[in-house]
Amino acid sequence: MKANETTLIELIGVRKRTFSIPVYQRNYDWKADNCKQLFYDIQTIAESGKDHFLGTIVYIPDRSTATSPIFIVIDGQQRITSVMLFIKALHDSIDDPEVKEDIEDDYLRNSKSGGDYRLKLKPIESDQNVYEKLMMQNDFNEDSFTPAEKQTVIYRNYDLFKDLINESSVPAKELYEAVFKLEIVEIQLDKENPQEIFESLNSTGLDLSNADLLRNYLLMSLDYDQQQDLYKRYWIEIEHMLGNDQIEPFMTHYLILKKKSDSVSLEGKRAHINPGNLYKAYKMYLSDIEQKDGYLEELLADMKKYATYYQHFVNFDVSRNGVDKKHSEIFTQFNSPSIAITLMYFYDLLSAGKISLSEYEKSLDICISYLFRSRVSGHNVGPQFSALLIQYFERSKEVSFIDKVWDAFNSGKGKNAFPSDESFKKNLQSKDLYLALRASGMRYLLYKLEENLSKEVVREENATIEHIMPQTLSSEWRTYLAKQNDTAYDLYVHRLGNLTLTKENSKLSNNLFKDKLDEYSESNYKLTRQLTKYKEWTSKEIQLRSLKLSESSTEIWPLPRKYNDLISKDELREGMAYSLDDDLELFNGTKPATVMFMDEVFTVNSWMDVYINVHRRLYEIDSTPYTSYLFTDDNIKEQVLTDSEEGFAKTSKIGEHSYLNMTFRNTRRMLRKLRLFIDYFMDNTHSINKDLVEELVFELA
Numbered sequence: 012m013k014a015n016e017t018t019l020i021e022l023i024g025v026r027k028r029t030f031s032i033p034v035y036q037r038n039y040d041w042k043a044d045n046c047k048q049l050f051y052d053i054q055t056i057a058e059s060g061k062d063h064f065l066g067t068i069v070y071i072p073d074r075s076t077a078t079s080p081i082f083i084v085i086d087g088q089q090r091i092t093s094v095m096l097f098i099k100a101l102h103d104s105i106d107d108p109e110v111k112e113d114i115e116d117d118y119l120r121n122s123k124s125g126g127d128y129r130l131k132l133k134p135i136e137s138d139q140n141v142y143e144k145l146m147m148q149n150d151f152n153e154d155s156f157t158p159a160e161k162q163t164v165i166y167r168n169y170d171l172f173k174d175l176i177n178e179s180s181v182p183a184k185e186l187y188e189a190v191f192k193l194e195i196v197e198i199q200l201d202k203e204n205p206q207e208i209f210e211s212l213n214s215t216g217l218d219l220s221n222a223d224l225l226r227n228y229l230l231m232s233l234d235y236d237q238q239q240d241l242y243k244r245y246w247i248e249i250e251h252m253l254g255n256d257q258i259e260p261f262m263t264h265y266l267i268l269k270k271k272s273d274s275v276s277l278e279g280k281r282a283h284i285n286p287g288n289l290y291k292a293y294k295m296y297l298s299d300i301e302q303k304d305g306y307l308e309e310l311l312a313d314m315k316k317y318a319t320y321y322q323h324f325v326n327f328d329v330s331r332n333g334v335d336k337k338h339s340e341i342f343t344q345f346n347s348p349s350i351a352i353t354l355m356y357f358y359d360l361l362s363a364g365k366i367s368l369s370e371y372e373k374s375l376d377i378c379i380s381y382l383f384r385s386r387v388s389g390h391n392v393g394p395q396f397s398a399l400l401i402q403y404f405e406r407s408k409e410v411s412f413i414d415k416v417w418d419a420f421n422s423g424k425g426k427n428a429f430p431s432d433e434s435f436k437k438n439l440q441s442k443d444l445y446l447a448l449r450a451s452g453m454r455y456l457l458y459k460l461e462e463n464l465s466k467e468v469v470r471e472e473n474a475t476i477e478h479i480m481p482q483t484l485s486s487e488w489r490t491y492l493a494k495q496n497d498t499a500y501d502l503y504v505h506r507l508g509n510l511t512l513t514k515e516n517s518k519l520s521n522n523l524f525k526d527k528l529d530e531y532s533e534s535n536y537k538l539t540r541q542l543t544k545y546k547e548w549t550s551k552e553i554q555l556r557s558l559k560l561s562e563s564s565t566e567i568w569p570l571p572r573k574y575n576d577l578i579s580k581d582e583l584r585e586g587m588a589y590s591l592d593d594d595l596e597l598f599n600g601t602k603p604a605t606v607m608f609m610d611e612v613f614t615v616n617s618w619m620d621v622y623i624n625v626h627r628r629l630y631e632i633d634s635t636p637y638t639s640y641l642f643t644d645d646n647i648k649e650q651v652l653t654d655s656e657e658g659f660a661k662t663s664k665i666g667e668h669s670y671l672n673m674t675f676r677n678t679r680r681m682l683r684k685l686r687l688f689i690d691y692f693m694d695n696t697h698s699i700n701k702d703l704v705e706e707l708v709f710e711l712a
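Numbered continuously in the numbering used here, the sequence shown closes out at residue 712.
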């Protein structure tokens with residue numbers, strides 16, 4: 012390393028010398044305040060005659076000819092570029108043709124050189140066109156610059172310097188002479204590792220991101236031509252695909268994917284990879300891989316490949332269905348960006364032809380189900396679990412891809428466990444979801460419930476979340492609830508059952524429930540239109556609707572039965588929703604309190620009441636399946652119906668020539684027969700739209 016005190020003019024004034032800003036450096040980005048301070052420092056020199064220390068310029072020799080040396084600027088590119096723009100502004104403000112010619116030939120250009128050597132300073136590519144156009148003009152021509160070029164930092168700072176020079180009381184020629192008193196320390200690196208010098212400089216003031224540091228680390232060891240080549244073919248493509256905001260998250264997720272771990276050993280201690288240690292984690296990772304010839308290009312090519320996957324997660328088209336729609340759900344709704352680690356792994360399998368597009372879409376569905384259940388439970392997926400998913404996936408037994416995905420997502424424990432149906436329904440029923448999920452999450456939940464219910468959603472941008480029972484009760488609401496003996500309303504106001512979608516929330520406001528029904532009946536949302544079946548709206552109705560909607564939610568965000576924790580009888584809880592899909596054996600010795608079926612709510616005292624009420628409701632809808640069922644093999648075997656009161660030892664009439672057998676060994680057999688008959692009824696009735704029928708839901712006493 013050679014260090015020398017000199018002036019900036021002496022450094023750049025050597026004939027046929029070119030300073031090149033390497034591709035891994037930042038764009039030129041000096042702010043107006045920085046430029047003004049530089050100008051005032053030079054103006055002070057002109058007025059006082061004293062020297063001024065500008066700073067340090069660090070460079071390293073690159074390829075050179077005998078007559079045209081090129082030096083790569085490691086530190087000081089912002090300062091040196093700004094001074095060059097100032098000198099050009101002086102050139103265009105001075106009238107003396109001899110001085111102008113000296114500036115052109117000695118400090119702006121290498122007049123007898125061509126190609127890469129014709130300018131004293133060669134900026135990075137993104138700055139180069141405007142800079143070169145500016146420097147190559149003998150007489151400044153504003154009209155030769157496009158509106159876009161005039162918005163660049165290069166042009167704006169040049170224009171600012173011209174204004175400051177023209178407004179100054181110090182003549183331009185004296186300001187030019189003052190530039191000769193800008194002192195610097197030049198440091199020329201030879202055999203030392205330029206990356207170590209660069210990191211040392213960065214620790215003392217350069218504001219570089221992890222992306223800047225990694226880019227520099229990867230490219231700085233190469234010669235100038237290799238830097239240009241790899242930068243253009245790989246790094247700049249990654250930046251264009253992802254944008255500045257997503258580079259660092261991608262770098263983090265890519266490293267965790269390759270390591271299959273989110274931890275790194277720093278100074279003998281394990282730490283999770285985070286923005287504070289990301290650069291060090293990369294250096295450690297790169298030091299562990301085989302550094303054969305061309306390894307940097309292989310690494311950058313691999314990063315670019317995964318960046319093409321990653322861009323689908325951050326640049327999705329929300330107007331499209333299929334994969335884009337699912338990516339949108341995952342990365343806008345669940346606050347778990349690190350799931351991208353797992354999805355990049357799956358996307359690579361898709362890209363390699365190892366799985367089909369259909370299988371990839373199914374893996375996204377599983378991911379959505381897991382993420383939403385976890386969010387309702389109050390958990391977000393961290394990078395550690397995303398890495399563990401990949402580990403589990405790679406060592407799982409030889410089963411289908413989708414089975415592997417289900418197995419992997421169900422491998423988590425504790426907060427990473429896949430919430431069971433029971434846990435999911437409990438959280439949906441008992442949490443203040445409006446507060447827990449906030450408006451965006453709640454709107455997503457209600458939209459998905461509507462989509463499941465109506466099979467077609469009208470998604471209006473101005474749709475809002477309506478509290479059916481208002482958040483702030485009016486005196487009329489308080490009077491109404493008092494008459495209903497409802498003192499627990501404040502516990503249920505933010506529950507799922509009290510929320511729906513409306514077009515214009517402000518019109519409904521604090522209206523009483525009965526006064527909202529007309530508008531509910533005209534809603535575009537079936538979820539909201541269904542509210543018209545209720546005659547009252549109290550805590551009881553909110554609980555019942557929460558029960559029903561939580562049951563529907565297990566269909567939208569499913570978990571296969573084999574992964575669900577089996578419920579023990581001791582875990583059955585009052586106020587929780589259950590259905591005929593649950594283990595019927597558990598309900599022996601229990602007592603139901605409420606049943607919701609076919610838009611009706613029944614208060615019951617026994618399972619016999621459930622059985623009779625459900626059959627009577629079905630018979631009211633359509634009696635034909637009852638007549639046809641009498642003569643089926645299933646009825647002969649199960650003995651559900653008879654056409655006379657004397658057909659069984661104990662019967663209950665539900666219609667003309669239709670009597671229920673009311674003798675059962677236990678509750679399980681009764682509910683099993685009920686489930687079988689409901690299935691038969693749905694297959695043989697033409698009186699209802701079967702797609703819109705909601706399953707039977709009951710609450711235990």
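Using N, Cα and C, we set each Cβ at its ideal position, and we do this for glycine too.
Query: Which residue from V504, E566, L519 and L528 puts its Cα closest to that of K551?; Result: V504
Query: Report buried or exposed for Q554, applying the criterion of at least 16 other Cβ atoms within 10 angstroms of its Cβ.; Result: buried
Query: Determine, using beta carbons only, whether N227 and E259 come nearer to each other than 8 Å.; Result: no
Query: So for T215, helix, strand or coil by DSSP?; Result: With a pLDDT of only 45 at T215, under the threshold of 50, the placement of this residue in the model should not be trusted; the figure read from the coordinates follows. It is coil, neither helix nor strand.
Query: Looking at T475 and D513, is the spacing between their C-beta atoms short of 8 Å?; Result: Here the sequence assigns Thr to residue 513, which means Asp is not the residue at that position. Going by C-beta atoms, T513 is nearer than 8 Å to T475.
Query: Do you know offhand how far Q237's Cα is from R244's?; Result: 11 Å
Query: Since K415 contacts F404 with CB under 8 Å, what's their CB separation in whole angstroms?; Result: 6 Å
Query: P108 lies in the alpha helix (DSSP H); which residues open and close that run?; Result: P108 to I114
Query: Express the C-alpha separation of E194 and A14 in angstroms, rounding to a whole number.; Result: 13 Å
Query: When the Cα of F709 is compared with those of M673, F598, I699 and F642, which residue comes out closest?; Result: F598
Query: Grab the span of the alpha helix (DSSP H) containing A363 for me, first residue to last.; Result: It is not in any alpha helix (DSSP H) - A363 carries neither H nor E in the DSSP assignment.
Query: Over what stretch of residues does the alpha helix (DSSP H) that includes Y445 continue unbroken?; Result: L444 to S465
Query: Could you spell out where the beta strand (DSSP E) holding Y670 opens and where it closes?; Result: S669 to N672
Query: Is it buried or exposed for K436, if we count other Cβ within 10 angstroms and need 16 for buried?; Result: buried
Query: Could you say which of K47, V392, L456 and T55 lies nearest to K192 if we only look at CA atoms?; Result: T55
Query: Would you say G24 and Y142 are within 8 Å of each other, going by their C-beta atoms?; Result: no
Query: Per DSSP, what are the beta-bridge partners of S274 in this structure?; Result: H283
Query: Excluding five sequence neighbours on each side, which residues of the same chain lie with their C-beta closer than 6 Å to the C-beta of L507?; Result: L439, L444, S557 and L560
Query: Helix or strand or just coil, what does DSSP make of E405?; Result: helix
Query: Rounded to whole angstroms, what's the CA-CA distance from V342 to S563? Just pull it up for me.; Result: Strictly speaking, residue 342 in this sequence is Phe, with Val absent from that position. So the two alpha carbons sit approximately 23 Å from each other.
Query: Looking at the unbroken alpha helix (DSSP H) that takes in V625, where does it start and where does it end?; Result: W618 to I632
Query: How far does the beta strand (DSSP E) with F82 in it extend, from its first residue to its last?; Result: P80 to D86
Query: Am I right that S532 and T543 are in contact with their C-beta atoms under 8 Å? What's the rounded C-beta distance?; Result: 5 Å
Query: Once DSSP output is grouped into helix, strand and coil, what is the label at T551?; Result: Checking the sequence shown, residue 551 turns out to be Lys, not Thr. It is helical.
Query: Going by DSSP, what residue range makes up the alpha helix (DSSP H) through E160?; Result: P158 to K161
Query: Starting from V612, follow its DSSP beta bridges and name the residues at the other end.; Result: M607
Query: Taking I652 and S663 to be in contact with their CB atoms under 8 Å, please state how far apart those CB atoms are, rounded to whole angstroms.; Result: The identity of residue 652 in the sequence shown is Leu, whereas the question assumes Ile. Actually they are not in contact, since the Cβ atoms of L652 and S663 sit about 11 Å apart, beyond 8 Å.
Query: What separation, rounded to the nearest whole angstrom, lies between the Cα atoms of T696 and S431?; Result: 33 Å
Query: Would you mind stating whether K315 and I249 have Cβ atoms separated by less than 8 Å?; Result: yes
Query: If we call anything under 8 Å between Cβ atoms a contact, is G666 one with Y637?; Result: yes
Query: Cβ of E340 within 8 Å of Cβ of I379?; Result: yes
Query: If I measure Cβ to Cβ from Q89 and keep anything under 6 Å in the same chain, skipping five residues before and after, which residues do I get?; Result: W41
Query: Can the beta-carbon of M146 be found closer than 8 Å to that of R120?; Result: yes
Query: Pull up the DSSP beta-bridge partners for N15, would you.; Result: E197
Query: Within 10 Å of its beta-carbon, does S31 have 16 or more other beta-carbons around it, so buried, or fewer, so exposed?; Result: buried
Query: Scan the segment 674-701 and note each continuous alpha helix (DSSP H) run of 4 residues or more that stays entirely inside, going in chain order.; Result: 678-695
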